[in-house]
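S.K.: Position one of the sequence shown corresponds to residue 516 (the numbering used here), numbered consecutively onward.
Below is the structure I would like to discuss, written out as structure tokens.
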Amino acid sequence: MTLWEAVADTVSEVRRDHGVLMSGLGIEKVHEWFDATKNGYGAEIAAQLVLMGVYRAALLGYGRSDLIRLLDATGVQ
Numbered sequence: 516m517t518l519w520e521a522v523a524d525t526v527s528e529v530r531r532d533h534g535v536l537m538s539g540l541g542i543e544k545v546h547e548w549f550d551a552t553k554n555g556y557g558a559e560i561a562a563q564l565v566l567m568g569v570y571r572a573a574l575l576g577y578g579r580s581d582l583i584r585l586l587d588a589t590g591v592q
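Structure representation (structure tokens):
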């Protein structure tokens, strides 16, 4: 089992058993989300994190299906 598979399973379990959506692993800085509009600084940070995450995941050997599984496990629509 990979780390991402374990995270996806844990996120799914927490959502299913406790109704809690896990949207992160606690590594973002709170001040980055101060401007929470779709076109503000928070949106720039979110885009950067997603793009950086996709790139780094690919370097580690994770593919599109791994990314989709992790996103689906969060329950975010």
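Just so you know, even glycine gets a beta-carbon here, dropped at the ideal spot from N, CA and C.
#1: Do you know how far the Cα of Gly557 is from the Cα of Thr517?
#2: Count the other CB atoms, across all protein chains shown, that sit within 10 Å of the CB of Ala573; report buried if there are 16 or more and exposed otherwise.
#3: If you follow the alpha helix (DSSP H) that Asp581 is part of, which residue opens it and which one closes it?
#4: What does the Cβ neighbour count give for Tyr577, buried or exposed, with the cut at 16 atoms within 10 Å?
#5: Rounded to the nearest angstrom, what separates Ile583 and Leu575 at their Cα positions?
#6: Helix, strand or coil for Leu536? Go by DSSP, reduced to three states.
M.R.: Taking the structure as given:
#1: Between the C-alpha atoms of Thr517 and Gly557 there is a straight-line separation of about 30 Å.
#2: Exposure of Ala573 is indicated by the presence of fewer than 16 other C-beta atoms within 10 angstroms of its C-beta.
#3: Unbroken alpha helix (DSSP H) run through Asp581: Arg579 to Thr589.
#4: Counting Cβ neighbours within 10 Å, Tyr577 comes out buried, since at least 16 surround it.
#5: Taking the CA atoms as reference points, Ile583 sits about 16 Å from Leu575.
#6: Correct three-state label for Leu536: coil.
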